[in-house]
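Numbering (numbering that gives the first Met the number 0), first residue to last: 0 to 123.
Note that CB positions come from ideal geometry on N, CA and C, so glycine has one too.
Below is one structure, written out as structure tokens, with a few remarks after it.
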Amino acid sequence: MNLKTVHHVAIIVSNYEVSKEFYLKLGFQIKRENRRSKDWKLDLELDGCELEIFAPDEMPPKRVTGPEAAGLRHLAFRVKSVEETVAELAAVGIECEPIRYDDLCGGHFTFFKDPDGLPLELHE
Numbered sequence: 000m001n002l003k004t005v006h007h008v009a010i011i012v013s014n015y016e017v018s019k020e021f022y023l024k025l026g027f028q029i030k031r032e033n034r035r036s037k038d039w040k041l042d043l044e045l046d047g048c049e050l051e052i053f054a055p056d057e058m059p060p061k062r063v064t065g066p067e068a069a070g071l072r073h074l075a076f077r078v079k080s081v082e083e084t085v086a087e088l089a090a091v092g093i094e095c096e097p098i099r100y101d102d103l104c105g106g107h108f109t110f111f112k113d114p115d116g117l118p119l120e121l122h123e
């Protein structure tokens with residue numbers, strides 16, 4: 000097997016413009032933006048990893064529960080300093096949970112949510 004790295008992660012959002020603005024605030028850059036027959040597809044890039052955002056014309060169903068539902072649990076971003084990144088997010092109006100320490104992997108971490116409630120993690 001010749002797997003090298005994760006190429007992209009894809010998410011479905013309920014509001015294209017709100018989600019686009021949110022992920023641009025996080026530092027993603029637009030790679031491609033396409034209007035398709037029944038949705039928008041936005042390809043964003045952050046340090047070589049792509050995030051595909053799909054925004055259907057019809058409202059998608061809500062997430063069943065918090066991160067404990069089957070499927071994607073959360074999307075985690077590696078950062079140099081969780082504390083500094085939390086401060087940067089707060090400056091643009093994005094709130095995070097209290098910072099904790101990961102006894103299993105080491106390093107500090109915290110969670111915040113995207114506009115649709117998808118759990119996002121910062122991890123050192």
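Glu83 carries a helical assignment under DSSP once its states are collapsed to helix, strand and coil. Pairing Leu41 with Ile52 gives a Cβ-Cβ distance under 8 angstroms. Annotated three-state conformation of Phe21 is helix, per DSSP. Nearest Cα to Lys37 within the set Leu121, Pro59 and Glu83: Pro59. Per DSSP, the continuous beta strand (DSSP E) segment holding Asn33 begins and ends at Gln28 to Arg34. Around the beta carbon of Lys19, 16 or more other beta carbons lie within 10 angstroms, which makes this residue buried.
Per DSSP, Cys104 is not a residue of any beta strand (DSSP E), being assigned neither H nor E.
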